[in-house]
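S.K.: Residue numbers (this note's numbering), protein chains in the order written: chain Z, 1 to 355; chain C, 1001 to 1355; chain H, 2001 to 2355; chain W, 3001 to 3355.
There are 4 protein chains.
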Amino acid sequence: MAGNSIGELFRLTTFGESHGGAIGGIIDGCPAGIALDLNAIQAELDRRRPGQSKLTTQRKESDEVQFLSGIYEGVTLGTPIGFLIPNKDVKSADYDHLKDVYRPSHADQTWQAKYGVRDHRGGGRSSARETACRVVAGAIARQFLAQHGIQVWGYVDSVGEVELSKNYLSLDPAQVDQHITRCPDPGTADRMQALIEAVRKEGDSIGGSIQCIASGLPAGLGEPVFDKLHADLAKAMMSINAVKAFELGSGVKASKMRGSEHNDVYNEVGKRTTNQAGGLLGGISNGDDITLRVHFKPVATLMRDQSGVDKDGNAVTVKGKGRHDPCVVPRAVPIVEAMCLLTIMDHYLRQQAYR
Amino acid sequence: MAGNSIGELFRLTTFGESHGGAIGGIIDGCPAGIALDLNAIQAELDRRRPGQSKLTTQRKESDEVQFLSGIYEGVTLGTPIGFLIPNKDVKSADYDHLKDVYRPSHADQTWQAKYGVRDHRGGGRSSARETACRVVAGAIARQFLAQHGIQVWGYVDSVGEVELSKNYLSLDPAQVDQHITRCPDPGTADRMQALIEAVRKEGDSIGGSIQCIASGLPAGLGEPVFDKLHADLAKAMMSINAVKAFELGSGVKASKMRGSEHNDVYNEVGKRTTNQAGGLLGGISNGDDITLRVHFKPVATLMRDQSGVDKDGNAVTVKGKGRHDPCVVPRAVPIVEAMCLLTIMDHYLRQQAYR
Amino acid sequence: MAGNSIGELFRLTTFGESHGGAIGGIIDGCPAGIALDLNAIQAELDRRRPGQSKLTTQRKESDEVQFLSGIYEGVTLGTPIGFLIPNKDVKSADYDHLKDVYRPSHADQTWQAKYGVRDHRGGGRSSARETACRVVAGAIARQFLAQHGIQVWGYVDSVGEVELSKNYLSLDPAQVDQHITRCPDPGTADRMQALIEAVRKEGDSIGGSIQCIASGLPAGLGEPVFDKLHADLAKAMMSINAVKAFELGSGVKASKMRGSEHNDVYNEVGKRTTNQAGGLLGGISNGDDITLRVHFKPVATLMRDQSGVDKDGNAVTVKGKGRHDPCVVPRAVPIVEAMCLLTIMDHYLRQQAYR
Amino acid sequence: MAGNSIGELFRLTTFGESHGGAIGGIIDGCPAGIALDLNAIQAELDRRRPGQSKLTTQRKESDEVQFLSGIYEGVTLGTPIGFLIPNKDVKSADYDHLKDVYRPSHADQTWQAKYGVRDHRGGGRSSARETACRVVAGAIARQFLAQHGIQVWGYVDSVGEVELSKNYLSLDPAQVDQHITRCPDPGTADRMQALIEAVRKEGDSIGGSIQCIASGLPAGLGEPVFDKLHADLAKAMMSINAVKAFELGSGVKASKMRGSEHNDVYNEVGKRTTNQAGGLLGGISNGDDITLRVHFKPVATLMRDQSGVDKDGNAVTVKGKGRHDPCVVPRAVPIVEAMCLLTIMDHYLRQQAYR
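What follows is the structure in C-alpha cells.
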C-alpha cells in the first residue's frame, strides 16, 4: 500500500536509500525448480551500472548482487528470493549543500511534503539507484520466460531530435550493446553519441526514448478491464524515474488516424500483416509482438547553476555538482526491459492460475 | 487478480456483459458520512450515454443507475456501495453474424484464446459499456474530493489532425459540455465536428485525444517507487477501451528536450512558473495542477466491409453493421475524468492512512 | 481494504444491508467453461434460509439469487459473476425502538464508533444476512472443486453441553440434512433439538459448534508462512458472525498433549494412521482429510428484557422483540462449508499458478 | 500471493531459510517520523532467541538484527525498512540424514509435494526461525502503538495439564519475563518448569497455550465482514508454526453457554462489567481489552526414535537428534505478541485512512 511492491503473483518488493547500508529486495512467487544462471543476472545489472562508459556518470557503483535465500544448489526453491546490493563509492558529503534545498524538477520538495522528513543524501530513495533491484528481478523473470519461448529486448530509439526511424523488425538485437548509446543502428547511434557529448559539454542534459519488444507470448495473457496487460505495462514503465509518456503499438499516432488505416485487417489466409495493435487486443495478448515506447525527460541535475528554493521558501542557487548522466536512456534500456519482463511474468502466472 | 477491480483503499469492482441482465459494481472503501447528490451521479452517467447527440451511436442505452446499499437517508454508511445499471435497448440478434467471427482490431480473438468461451453479443464484457460503472464510481469520488478542494475536468484536445493548440489555462471548463464534441474552443470544436461527420459519411472512424486536469491537490499524494501517482494514473487511463498512449505534463515532447528547457525552475520569490512536471515530482503531487493527455485509437467497427477471420482461421468478410460512434472521444471525456478521480481519491485515502 | 472481499484468485466481494434494496456480490476469478447447476446453488441458499424449520427464526427471507453476469448459456465466461438477493419480508418498523440503542453483545456500539453513522434496521450490514452471499459463492466453488475430486461437508457437533462424541468417519454425510439440527447422529440430534426448544421457551439462546471436513485435496495446497491454508481457513471461519474459536485437527487438545501422543507417525508400509494434524503440515495439505471445528457463541438477541445503553451512555432496557434463532448452528452449517470451499478453491488456483 | 507477506497498510514481507545466508524482511508502510529505540527491538528478539535458558534448545542463534534502510538518524523515513538477521551457529551436517526423509508431523512431505524441491537443512523455510523476522516488525509496531496508548502483552497460560487458572487482570505483566517459563504466577510457573524438564528427560515434548491481551485500543478498529479484527488476529496466530487453535474472549466455552450468561450487559451507569466478547463486537474493537488464547501442539521432534517415511514411501526410523525445545510456548510469547501488534497496527492505519 506504501507502494514498494509490484506484481501480484510474481511480486517484487524493494527497499533502500541511495546512501544507506544497502538496497535490495524480495521476489515472492518465483516458481520452484528453475535452474538460475546467476552470472547472467549480474551481467544484466552491469548493463545498468553507472560508470560503464564515458557517456554515463563516473560514479562507480559496483552493484554486486548477493542472494540470501530462495535458491539452493542453483535452483529456485519456490520460497522468497531475498537479495542485497551493498552501497559503495558513496560520497555523502557531496550532498551536504542540498540538505535543506529543493532542486528544480527533483523530488526533494514532494518527499518533504509527504513525509516531513527525508534522507537527502544521493536523493535517498528517490534515486534511480532503486531501479537496480528491478533489474535483478527482471533478470530472473527473463530466465523463466525464456524457457517458455518469450523474449524481451529494448533499444534507444531517440535522443533529443535524433530519432531512429526504422522498424524494429529490420534491427538486430545483438547490435544493441555494441554501441554505448544502446542504439542498434550504427549511424544513428553515432549521431546520438555526438549529441549527448555536446550536451554534456554545455552542462546540460537531454531526453530520449526507448522502444521495447516482447516476442513469443501465447495469445491470452492479460486480464481484461482494469488489469489489461498494457495497462500494467504502462504502470510499470511510468514507475521508472524520469518517464513522462507511454505508447503501445501505434501510440500517440493512433489519435491522428482513421479506422480504415489503423485496423489490422486479416489477409486472404486469415493472418494479420500489420501490428498497429502492438500485440494486444482488449488488453489481452494476441500472439503478435508486443511493442511499446517509453519517453524519458532530460535529467534534472545540470552541471550549471539553477535556481531552486530552500525549505523555507527562499530562492537559492543550486550549484551544478555531483556525478550524473547527461542522458539516461542508454542505461535505462535494461530497466525498461526488466519492467516489461516482470509484468509479463506476472501475467503469465496469472493466466496459469485460471487455466 | 482477474482484474475487475481498481484501487486499493477506494476500490471499484465491476461486473457485467453488454447484453447480460445488467452491469454494475461495488465501491468498497467510501468513507462514511458523505451526503451524496444522486442526481449529480446520474448526470455524469448521462454525459457518457450513447445516443446523446447526433455524433454518437444511436443505440439508446438509458443507463439508469440504481443504488442497492451503502447509502442510507442520502448519506454514505462506510459500507460497500452496490449499484446496478440494467441493460436495455439490447438487440442481441444484431450480433448473430459475429458469433464465430473475429473482427479486425477487436478483442474477439483474444477473449476466445484466453477463456475458450465468450459472450459475443455486443462485445460481451469487452464492450465499452463496462465503463459506465467507472463513471458512477468517479462521480462519487468527485463529490468527496470536491469537499477537499480537488477538482478534475477534461476536454477533447484533438480529433484526427484537428488539434486544439491552446493551453488549458486559457480555456473555460464550463464550455466543455456546450459543444457536442466536448472541445471548449468553439472554432476548433466546429472543425472537429465537421471532421467526424465527414468520416462517418465515409463509413470510417477517427481517433482523438483528451486532456485532463486535476487542481487543488495538496502536495504529498502518491506513493514513490511503484505506485507513483502518475503510474497509477497511466494504468487507469490505459485500462480504458481504445487508449493507446498516455502523457504526463510535457509527455512525449520531454524526450526531445534539454534539461535547461524542461526544468521547472524557481523564480526570485521561490515559486515555479512553469509546469512541465505535470504536477508530480517523483510520483508525488507537488501542489501544481496535474495535467495529462490520453490518446484514443479510431473505433475498430466501420460501416463498411472489412476482412476478418473465423474461429477456424478462414478469412471472412465482416459487414459494417450495428450502431457505433465514429469517434469515441466526446463520450470518453467523463470516463477519463472518472479514472482520474478514482485514482486521486484512492491516493488521498492512502496518504491519510500514513499521516 | 475496507474488508468486504475475501480470496486472492477466487475473490468474493459482497455488499448489502439487511433492510436495503438487496444484498449481493461479485465473484471475480471463477475459471471459464464450468457448466453450473444453478438449482444446486439455490438449494444451498435454501439450507441457510431463515424460516426453514421450527427451530429457526420465523422471518421468511425467500433468498432467491439472481445472476446478472459471468454466465452465458449455463457456462461460466471467466468474467465476474454478479449476483443479487433482493431483500423481502423486511419489517423495518420492528427496529424503530433500536435506532439510538446499543444492544448488549451486538455490534451497534462499535459500528457507531467506527462510522459515526449506521443503518440500524435489522442490524444493517452487521446482520448475518450478509452470509447468504457467501453461500452463493461457496456453492459455485463446490461445483468447481467437485470436478477435481474435492468434497466439503459439515455438521453440528455440539449444542450447549450436548456433544456428539463420535469421529466423523463413523458418520454419514447424507444424514446431516435429515434432521433439523443438522446433526447426523439421530439420538444426539434429538437431544440437541430438545435443548434448543427448552432454551427458546425460556426466551434464551444457546451456543454450539460445527465440525467441517474437506476430503480429496491433493498434497501441496496452501502457502507456507503467512498464508498457511489453515491460517486462511481460520480467518474465513472467524469472519462468520458469532464465531469465537477455531480448531484445526487436534485443536485445543493439542496444548495438553505430548509429542509422543500427538505425532502422526508412519506405519510399516509408510502410511499415517492418525490425523492429529487435521490434514495440514506446515500450512500445506498433506493429502489427508482437513478437519476443523468452529465454535459459535449464543445469539445475543434474547426474547427477554436485557439492559443496554443508549448513544448518550444512559442505561436502557432492551425489549426482547423481533424474530431470531435461539441457536444458529443448524443454519450455520452451509455457511461454514461455504467459507471452507471458498478458501480451498482460492488455494487451488494459487497452487495452479505456480505449477 | 505466495504468502510471504502479512498486513495491508503495515506490511511485513519475510525471506530466508534456516541455513541460508540470512533471514530478513521488509516492512512497508511504517509511518515517517517515528524515533525508534533500536535496542528495544533487539531486546524483543533476544526474548525469542534459542539458547536463552536451560528450558530451550541449546542452539545459540545470536539473532542480531541489522537495519539497512528506512531509518535515518534514528527516525523512520516512511520508506521501507529492510533488515537482516544473519544465520550463525549453523550445523547443516546435522541434517544430512534427513535429506530424503519425511519426519512425522513435520512439513517435510508437504513442502516436497508442493515444490518438488526443498532445502532440508534445519527445516529450510519451514523452520520457526522465520518468526524472528516477525518479532522485529512487531517490536516496531509496539513502539508506534505505544505512542497511541496501545499495549500488548502475553504469557504462558498452560503447559500440558498445568494450567494457570487466574484472570489476567490479577496478573502482573512485569512478572512474565521473571520466570523462564514466561508464566507470571510463580507457583504455576514452577510446576510448568518441572513438567517441561520431566518431559525432556523422557525425550518427549509437550504442548501449551498462550494468553495475549491488547489494551488501550480506541473503539472502531477492525473492518466488518471479512476483515474483522479478530479474523485477522486468528489468521496471524494460526500462521505461527505449531499453532492448532485460536480463541477470542470466551472462546471454545462460548459454544457451551446460554445467551443470558454470555451477553456482556450494561450496568446502571451504562457500562459493561464483563468481557466475554474479548474486546470486539462485530469484528470491531469496542474499547475493552482484546483477549485471545493460542494453543500450540507439542514439538514434533523428539529425542527418541520415531517412524518416518522416505521419499519413495518406505518406512524409516528417524533418530532423535539435533537441538530442539521440548516445549515452545515460553519462547513463543514474543511471537504471539508480535503477531498481535502487527495486526492491530495494520488496522490502526486502516481506520486512519477512512477517517
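By construction, the Cβ of each residue, glycine as well, lies at the ideal position given by its N, Cα and C atoms.
Which residue or residues does DSSP assign as beta-bridge partners of W:Y3102?
M.R.: Locating residue 3102 of chain W in the fourth sequence gives position 102, counting from the first residue. DSSP lists W:V3309 as partners of W:Y3102.
S.K.: Does Z:F226 have its Cβ less than 7 Å from a Cβ in chain C?
M.R.: Sequence index remark: in the first sequence, residue 226 of chain Z carries index 226 (1-based). By this cut-off, Z:F226 is an interface position.
S.K.: In the stretch 3043-3126 of chain W, which residue ranges form an unbroken alpha helix (DSSP H) of at least 4 residues, counting only runs that do not cross its ends?
M.R.: Listed in chain order, they are 3108-3115.
S.K.: What does W:I2967 touch in chain H if you count any residue whose Cβ is under 7 Å from its own?
M.R.: The question about residue 2967 of chain W has no answer, for chain W in this structure spans 3001 to 3355.
S.K.: With a CB to CB cut of under 6 Å and the five nearest residues on each side skipped, what residues in its chain are close to C:G1160?
M.R.: Taking the first residue of the second sequence as 1, we reach residue 1160 of chain C at position 160. Correct list, in chain order: L1195, I1206.
S.K.: Report the three-state DSSP secondary structure of C:S1018 (helix, strand or coil).
M.R.: Locating residue 1018 of chain C in the second sequence gives position 18, where the first residue counts as 1. Residue state, collapsed to three classes: coil.
S.K.: Does the beta carbon of Z:R331 come closer than 7 Å to any beta carbon on chain W?
M.R.: Your numbering for residue 331 of chain Z matches position 331 in the first sequence. Not one chain W Cβ lies under 7 Å of Z:R331.
S.K.: Between Z:V136 and chain W, is the shortest Cβ-Cβ distance under 7 Å, so that the two count as touching?
M.R.: For this step, residue 136 of chain Z is matched to residue 136 along the first sequence. Chain W, which has no Cβ nearer than 7 Å to the Cβ of Z:V136, makes this no.
S.K.: Residues of chain Z with CB closer than 9 Å to the CB of H:P2031, please, in chain order.
M.R.: Along the third sequence, one-based indexing puts residue 2031 of chain H at 31. By Cβ distance, chain Z contributes A353, Y354, R355.
S.K.: Reducing DSSP to helix, strand and coil, say where Z:A315 ends up.
M.R.: Here residue 315 of chain Z corresponds to residue number 315 of the first sequence, with the count starting at 1. If DSSP states are grouped into helix, strand and coil, Z:A315 belongs with the strands.
S.K.: With distances taken Cα to Cα, identify the nearest neighbour of C:A1332 among C:D1028, C:L1012, C:R1048, C:A1022.
M.R.: Looking up residue 1332 of chain C in the second sequence gives position 332. Considering only alpha carbons, the answer is C:R1048.
S.K.: Would you mind reading off the limits of the beta strand (DSSP E) that contains C:H1148?
M.R.: Walking along the second sequence from the start, residue 1148 of chain C turns up at place 148. First-last for C:H1148: undefined, no H or E at that position.
S.K.: Using only the alpha-carbon positions, how far apart do C:F1246 and C:S1239 sit?
M.R.: Numbered from 1 along the second sequence, position 246 holds the residue referred to as residue 1246 of chain C. Numbered from 1 along the second sequence, position 239 holds the residue referred to as residue 1239 of chain C. Their backbone Cα atoms lie some 11 Å apart in a straight line.
S.K.: Quick one: list the residues of chain C neighbouring H:I2140, beta-carbon separation under 7 Å, in chain order.
M.R.: Start at 1 with the first residue of the third sequence, and residue 2140 of chain H comes out as number 140. The premise fails here: H:I2140 is roughly 14 Å from chain C at the closest Cβ pair, so nothing lies under 7 Å.
S.K.: Would you kindly check if the distance between the Cβ of Z:L341 and the Cβ of Z:G51 is under 7 Å?
M.R.: Your numbering for residue 51 of chain Z matches position 51 in the first sequence. Your numbering for residue 341 of chain Z matches position 341 in the first sequence. No, Cβ-Cβ distance for Z:G51 and Z:L341 is not below 7 Å.
S.K.: Scan the stretch 301-312 of chain Z for residues whose Cβ lies nearer than 7 Å to a Cβ of chain H and list them as they occur along the chain.
M.R.: Listed in sequence order: no entries.
S.K.: Counting only Cβ pairs nearer than 7 Å, list the residues of chain H close to C:G1020.
M.R.: For the purposes of this step, residue 1020 of chain C is identified with residue 20 of the second sequence, where counting begins at 1. Under the 7 Å cutoff, chain H gives L2068, S2069.
S.K.: Taking 7 Å as the CB-CB cut-off, is C:L1349 touching chain W?
M.R.: Here residue 1349 of chain C refers to the residue found at position 349 when the second sequence is read from its first residue. Interface residue, yes.
S.K.: Tell me which residues share the same chain as Z:P104 and place their Cβ nearer than 6 Å to its Cβ, disregarding the 5 neighbours each side in the sequence.
M.R.: For the purposes of this step, residue 104 of chain Z is identified with residue 104 of the first sequence, where counting begins at 1. Excluding positions up to five away in sequence, the list reads Q306, G308.
S.K.: For the stretch 1009-1019 of chain C against the stretch 1073-1093 of chain C, are there 3 or more C-beta pairs whose distance is under 8 Å?
M.R.: Yes: at least three Cβ pairs fall under 8 Å.
S.K.: Taking any Cβ of chain H, which residues in the stretch 3255-3278 of chain W have a Cβ under 9 Å from it, in chain order?
M.R.: Flagged, chain order: S3255, K3256, M3257, R3258, G3259, S3260, E3261, H3262, N3263, D3264, V3265, Y3266, N3267, E3268, V3269, G3270, K3271, R3272, Q3276, A3277, G3278.
S.K.: Under a Cβ-count criterion, where at least 16 other Cβ atoms within 10 Å of its own Cβ denotes burial, should H:L2169 be classed as buried or exposed?
M.R.: As a position in the third sequence, residue 2169 of chain H is number 169, starting the count at 1. So H:L2169 ends up on the exposed side.
S.K.: State buried or exposed for Z:H148, treating a residue as buried only when at least 16 other CB atoms are found within 10 Å of its CB.
M.R.: Your numbering for residue 148 of chain Z matches position 148 in the first sequence. So Z:H148 counts as exposed.
S.K.: Quick one: which residues of the stretch 2076-2095 of chain H get their C-beta closer than 9 Å to a C-beta of chain Z? List them in chain order.
M.R.: So the list reads G2078, T2079, P2080, given in the order they occur along the chain.
S.K.: Put H:F2296 into one of helix, strand or coil per three-state DSSP.
M.R.: For this step, residue 2296 of chain H is matched to residue 296 along the third sequence. Residue state, collapsed to three classes: strand.
S.K.: Once DSSP output is grouped into helix, strand and coil, what is the label at W:A3032?
M.R.: Position 32 of the fourth sequence, counting from 1, holds the residue named residue 3032 of chain W. Of the three classes helix, strand and coil, the one that applies to W:A3032 here is coil, per DSSP.
S.K.: Could you give the distance in angstroms between the alpha-carbon of C:K1244 and the alpha-carbon of C:V1336?
M.R.: Locating residue 1244 of chain C in the second sequence gives position 244, where the first residue counts as 1. Locating residue 1336 of chain C in the second sequence gives position 336, where the first residue counts as 1. Approximately 13 Å, taken between the alpha carbons.
S.K.: What is the DSSP secondary structure of Z:C340, counted as helix, strand or coil?
M.R.: The residue given as residue 340 of chain Z occupies position 340 in the first sequence. Residue state, collapsed to three classes: helix.
S.K.: Considering only C-alpha positions, which residue in the set C:A1113, C:M1339, C:S1165, C:L1171 is nearest to C:G1313?
M.R.: Residue numbering aside, residue 1313 of chain C sits at position 313 when the second sequence is read from its first letter. Nearest option by C-alpha distance: C:A1113.
S.K.: Show which residues of chain C have a CB atom less than 7 Å away from the CB atom of W:L3009.
M.R.: Your numbering for residue 3009 of chain W matches position 9 in the fourth sequence. Simply A1353.
S.K.: Taking 8 Å as the threshold, find out whether the stretch 3203-3222 of chain W comes into contact with the stretch 2252-2261 of chain H through three or more Cβ pairs.
M.R.: These segments touch.
S.K.: On the CB-based measure, 16 or more other CB atoms within 10 Å of its CB, does C:V1269 come out buried or exposed?
M.R.: In the second sequence, counting from the first residue as 1, residue 1269 of chain C sits at position 269. C:V1269 is exposed by the Cβ-count criterion.
S.K.: Which same chain residues, not among the five before or five after W:T3079, have their C-beta less than 6 Å away from its C-beta?
M.R.: One-based indexing of the fourth sequence puts residue 3079 of chain W at position 79. Here the set comprises G3070.
S.K.: For chain W, check one thing: does any of its Cβ atoms lie closer than 7 Å to the Cβ of Z:V117?
M.R.: Residue numbering aside, residue 117 of chain Z sits at position 117 when the first sequence is read from its first letter. With 7 Å as the cut-off, Z:V117 counts as an interface residue toward chain W.
S.K.: Pick from C:N1167, C:K1311, C:R1200, C:P1218: whose alpha carbon is nearest that of Z:Q109?
M.R.: Reading the first sequence from its first residue, position 109 is the one you call residue 109 of chain Z. Z:Q109 has its Cα closest to that of C:P1218, out of C:N1167, C:K1311, C:R1200, C:P1218.
S.K.: For a contact defined as C-beta to C-beta under 9 Å, what are the partners of W:G3016 on chain Z?
M.R.: As a working note, residue 3016 of chain W is residue 16 in the fourth sequence. By Cβ distance, chain Z contributes L68, S69, G70, T79, P80, G82.
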